[in-house]
Amino acid sequence: MPGLLTVYHPSGHDESSALVQFSSDSNTPIVYSLHHGLKSPIAPRLSISWSRGNSLRVSVFRSPETTETVLDEVEVGGKVVELKLSGEYVDSEINDAARWRRIAYGSVSPFAHLQNKKNAMAALSELRHSAPYDVDWSKYVLEYSKEINSLLGSRGSSPTSLIEDPKTVLENVEEPSSLKAAWELLEIFYADKQSQAWIPEQLVDWLADYDSLFSEQVPSVHLRLVEFQAELINIQAVEDEPAYWQAISSALAVGWLDIVVKLLRLHGSYQLNQLGNRETENGLVEAVAVLISKMPRMRAHLPDGKLGECYYNKSDFIKAWEKWRAQITKLDCSAFWLQCSHNHTRENLKLLLQIMLGNTGTLSSATFHWVELYIAHFLYISPFTSGLESMHALAQKCMQLKPTSSPHKLMRLIIGILGENTEVVLAECSRSFGSWMIAHATELLTAGSIQAEILLKEERHNLGGVSIEESHRLVYAQVLSSHALTWQIAPIYLISCVKHGVGLLEILLYKQPVYHSQVLLKNIEICRLYDLDSVSANAMKIAGVHHWKHGRNGAGVFWLQQAGDEVRLNRIAQKLFDFVGKSISDESFEQWEGLIELLGSESRTAAGLEFLHKYRDFKKSLQQVQDGILTDAARKAGEALILLMKNPSTPQRFWLPLLYDSLKLLNWQGRPLLNVSQTNLLLNKLQELSVARLRPDFVEVGMPAGALSSVRVALATNLGRAILEE
Amino acid sequence: MATETLKQFHRLPQSTYVDALRFLPPLSAFDRYVVVASFNSDSDETSIEIHALNPSTPPILTLQSSFTLSSRISSLKVAQKSLQNPLIAASTFAGSLHVLFPNPIDVSFESEVSIPEKTLHLGPITCLDLQENGSACVSVGEDGRVNLISVGDSGLDYRRIFDSKGLVSYTASRWASPTEFATGGLGNSLQWWDQRRPGGPVSQFKGNWSQGAASGVVHSIDIHPSRKHTCLAGGSYGTVFAWDLRRPQQPIVLSGIDAGEPMSSSSISESEVWEVQYDTFMSASNRANISSERVLPVMICSEDGILAVIKQGCHLQS
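Listed below in structure tokens is the structure:
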């Protein structure tokens with residue numbers, strides 16, 4: 001329905017007047033065909049509603065006139081068709097559904113773990129009337145962050161071959177995802193409190209991993225290196241190529257020292273046959289390479305293969321840094337440069353020294369976008385930048401030098417973080433990375449920041465009384481609930497929402513099709529976990545009635561029994577008795593055996609159904625009596641009869657058949673089996689029955705015509721014999 | 001009670017819902033194949049797929065062949081006639097039953113025979129079991145019917161053994177011998193059937209469970225070929241119990257909330273136990289060391305993601 005989404009202007013200015021910009025492919029309408037299989041004419045009546053997930057439920061109604069004439073029962077009222085709309089998570093990068101589910105499932109356990117810790121700590125601090133939790137808490141948050149981070153993909157490179165190819169400059173790594181890049185940024189700034197002093201160096205590493213992501217929108221150092229690597233195979237003397245020197249200076253500017261040194265060693269002067277006449281030149285190249293590999297870095301340690309010398313302590317670092325720069329200056333002024341005959345080499349090596357000395361102009365021309373320039377500043381101009389305020393000021397400066405028309409989503413995120421603007425960070429997260437990101441990132445944002453905590457956890461009137469944090473979790477839970485494969489993890493997020501979580505969880509559970517036994521069992525389990533007894537009882541009732549309606553009486557009774565639903569069990573009992581009355585008196589009890597077993601002992605809720613149990617026992621003993629003349633069995637049968645007649649749950653309509661069945665007991669040879677009071681009881685019941693017959697709602701059972709009178713005669717005879725006996 | 005944790009296991013995430021899976025009997029010394037009943041919820045497609053398992057670290061599954069069905073699979077079993085090709089039997093929630101014969105060379109599906117829905121059962125087939133040699137199959141359903149399907153060269157033939165007309169629902173079945181089998185159902189009940197004595201179950205087990213365990217459902221049964229008198233069952237609330245035919249009223253509870261004596265046993269899981277199996281990798285000599293009074297070690301898997309081996313009195317878990 002494109003007409004509803006955009007308004008077409010004949011002048012062609014439709015783009016500018018649209019409030020929300022649609023990407024071009026969403027403008028092409030997708031046509032779905034409905035297969036309703038109805039014969040025309042179809043009345044122009046349709047009802048459209050959302051079904052589960054991306055399905056649209058379309059109900060096609062027949063026009064009322066035709067309904068009356070059509071005899072075909074299949075299409076009496078019309079037909080309901082479900083239409084599955086294609087379409088993925090457009091706003092997020094994780095559009096591969098299987099990968100997305102893996103992340104969704106994987107993040108459940110870290111999230112639940114952290115929530116448990118949080119609740120435990122809150123309980124503890126309440127107990128102690130203090131909030132001593134900062135140190136421990138930041139440790140847990142970091143743990144959580146690392147776990148989530150590892151889910152988003154591995155940073156490690158693919159296994160390298162044993163023989164290293166000298167011409168492979170860039171390592172082959174798995175395509176990084178911007179989701180992971182964003183998560184790492186948040187981790188650097190919010191979660192990793194221990195390494196706060198080394199944020200600049202962490203950002204250097206970060207860019208080394210994710211610079212390729214910027215290549216989609218803007219040229220980058222990574223892109224330049226990729227291009228150069230492709231050319232490299234065809235180049236004979238690299239030092240004559242400007243691209244070679246450009247690649248080196250760019251890589252140096254952003255601090256990829258290992259790549260720089262590797263490239264420098266490709267210099268022609270290293271070749272054995274050249275060594276003799278290019279000795280000075282080679283010495284200079286090597287001197288620069290050594291200086292680069294000795295660059296002091298203020299950080300705890302470097303990963304394998306990365307170059308530089310680490311200084312943990314700031315004063316040590318300053319000393320080393322001064323010394324290093326002095327060495328560069330000394331080399332810069334050295335007399336050997338005059339003896340270097342290769343022009344390209346001399347000039348470009350000097351340029352490299354300028355980069356290392358922090359020449360703003362050289363750095364700016366070696367880098368492409370402002371984040372790269374920013375990193376270059378950290379490395380060569382102001383390595384002591386600390387505090388978000390000064391970092392933000394530096395970023396502003398770099399942006400002025402390298403302006404971008406439409407900043408990349410990661411750039412926007414960096415600005416938001418540096419600007420200490422939680423709202424902007426939240427907005428960027430939800431806009432660029434989707435509901436998963438924001439639901440999980442709020443834990444990082446609030447870690448250790450009271451301001452952010454207030455912002456995120458304050459209950460807001462305009463959000464219906466919930467906090468921002470809760471509203472994002474609810475949104476994420478909705479996304480999870482909308483898919484058949486993920487709904488079962490939504491409860492974990494819902495239950496962490498104090499205000500509306502439980503309510504929405506109940507709705508979610510009610511919406512599940514519980515007549516599928518697996519869904520029902522899952523439902524019951526979730527209810528048990530979160531103490532939602534009434535919800536699970538309702539689910540069991542629905543399932544019970546469903547089974548009952550489809551003729552599976554045993555399963556119906558079972559679930560209603562589980563739900564403790566006496567009202568419905570009684571209704572079922574009445575229906576079952578109709579059935580029993582017809583079949584039980586003549587046939588064997590085999591079929592009923594299982595159901596009666598299921599009903600179990602008397603302690604369980606069985607409502608009127610417990611009658612069946614006693615009836616079975618009575619029938620059994622009567623059977624034995626008929627098999628042979630055993631006074632003992634007959635006595636037992638008589639007792640069972642009295643029990644049944646006394647029991648209020650025995651339906652009235654069974655009274656006469658029961659008595660009629662036991663005629664043999666009443667006319668027992670030898671001595672009467674029932675005493676006076678017992679016989680009187682039965683006579684009273686018979687009397688009651690005669691009175692009840694006069695009532696309009698009496699149900700007549702199909703008995704032989706003389707049944708009532710023969711029972712009455714038998715009872716009277718028995719009474720006489722019993723009186724005589726006593 | 002000692003609990004050890006298993007160190008080595010691999011997750012192999014799949015993009016579709018895996019309803020069931022089995023190993024195919026080895027066709028040669030080198031190949032290992034897995035039969036997967038998969039359901040794609042986006043396209044509503046059900047298929048039976050055969051994957052080759054490459055035992056590298058981590059193991060890799062490679063799809064070899066697939067067969068599309070119209071309804072989701074409720075139960076999947078594999079068997080092999082002596083020295084012949086293996087066969088795969090699957091039942092669906094719509095009530096149809098399919099038997100597939102994979103080609104032993106390239107595991108493509110050569111032929112299929114099936115019984116359409118609404119023939120064997122009204123509604124879903126909850127469980128089926130193939131005899132070890134693949135010659136016969138027993139199917140049970142919520143409608144209370146028990147059917148015996150013979151798998152012959154000419155096709156499938158079926159016979160109704162019992163019909164409770166919905167008064168009893170069955171949720172699990174398992175062969176014990178060529179003539180005997182066990183079924184399980186609601187309320188943690190078990191039934192023992194013998195084809196030589198038709199007309200109904202030969203023996204019924206309905207232990208005197210307390211309220212909690214009586215509300216369970218049996219999901220899986222296993223019977224060890226060397227100890228046919230014991231029927232092992234797993235079901236709701238982490239219940240795993242054995243039923244000894246020689247002492248029919250007293251269940252041996254291996255795990256679950258209803259242990260009878262609360263201190264003697266405990267529960268590994270509180271969730272649905274979907275499958276129980278005797279630990280078949282245990283050597284015969286080891287088995288001989290366990291007295292016939294004790295239950296052999298049992299492997300289980302449950303809804304909350306627990307794989308465990310339970311020995312009577314202790315368990316090993318992953």
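As given, the protein sequences belong to chains A and B, one line each in that order. Under the working numbering, the first residue of the first sequence carries the number 1, and numbering increases by one thereafter. Under the working numbering, the first residue of the second sequence carries the number 1, and numbering increases by one thereafter. No residue lacks a Cβ here, since even glycine has one placed at the ideal position from N, Cα and C.
Are the C-beta atoms of residue i and some chain B residue less than 8 Å apart?
| i | result |
| --- | --- |
| A/E727 | Chain A is shown from 1 up to 726; residue 727 of chain A falls before or after that span and cannot be answered. |
| A/L485 | yes |
| A/W592 | yes |
| A/H550 | yes |
| A/F558 | yes |
| A/L595 | yes |
| A/A366 | no |
| A/L521 | yes |
| A/N553 | yes |
Which two residues bound the contiguous alpha helix (DSSP H) that contains residue i?
| i | result |
| --- | --- |
| A/H472 | I468 to S481 |
| A/V261 | L257 to L264 |
| A/W198 | Careful: A/W198 lies outside any alpha helix (DSSP H) and carries neither H nor E. |
| A/M411 | K409 to L418 |
| A/S390 | L388 to L401 |
Is any beta-carbon of chain A found at less than 8 Å from that of residue i?
| i | result |
| --- | --- |
| B/V168 | yes |
| B/S66 | no |
| B/L120 | no |
| B/E275 | no |
| B/P13 | yes |
| B/I306 | no |
| B/E303 | yes |
| B/L61 | no |
| B/L21 | no |
| B/E45 | no |
| B/G134 | no |
| B/S164 | yes |
Span of the beta strand (DSSP E) holding residue i?
| i | result |
| --- | --- |
| A/H369 | Neither: A/H369 is in no beta strand (DSSP E) and is coded neither H nor E. |
| A/V254 | Per DSSP, A/V254 belongs to no beta strand (DSSP E) and is neither H nor E. |
DSSP has residue i in a bridge; who is on the other side?
| i | result |
| --- | --- |
| B/H51 | B/V34 and B/L63 |
| A/K79 | A/V60 |
| B/M299 | B/Q277 and B/V309 |
| B/S114 | B/H98 |
| B/A182 | B/R174 and B/W192 |
| A/V514 | Answer by DSSP bridge pairing: none, since A/V514 is not bridged. |
| A/Q229 | A/Q229 pairs with nothing; no bridge assigned. |
| B/T230 | B/D244 |
In angstroms with no decimal places, state the Cα-to-Cα distance between residue i and residue j.
| i | j | result |
| --- | --- | --- |
| A/G594 | A/S621 | 19 Å |
| A/V290 | A/I233 | 26 Å |
| A/E75 | A/V711 | At A/E75 the pLDDT is 47, less than 50, meaning the model places this residue with poor confidence; the figure from the coordinates comes in the next sentence. Straight-line Cα distance between these residues: approximately 54 Å. |
| A/I526 | A/W487 | 11 Å |
| A/D199 | A/S365 | Sequence check: residue 199 of chain A is Ile here, not Asp. Distance between the alpha carbons of A/I199 and A/S365: 25 Å. |
| A/R297 | A/T367 | 20 Å |
| A/V90 | A/L485 | For A/V90, the predicted structure reports a pLDDT of 39, less than 50, and the residue's modelled location is therefore unreliable. The matter cannot be settled from this model. |
| A/W548 | A/G556 | 5 Å |
| A/L641 | A/L686 | 14 Å |
| A/L532 | A/L494 | 13 Å |
| A/G464 | A/I417 | 28 Å |
| A/H472 | A/A439 | 6 Å |
| A/G720 | A/N680 | 11 Å |
Nearest by alpha-carbon distance to residue i: which of the options is it?
| i | options | result |
| --- | --- | --- |
| B/L61 | B/L296, B/V34, B/I223 and B/T68 | B/V34 |
| A/H461 | A/K499, A/S432 and A/M356 | A/K499 |
| A/E506 | A/S481, A/S517, A/Y515 and A/Q518 | A/S481 |
| A/C429 | A/Q217, A/L266 and A/A182 | A/A182 |
| A/W324 | A/V288, A/N313 and A/S59 | A/V288 |
| A/F214 | A/V502, A/Q274 and A/K409 | A/K409 |
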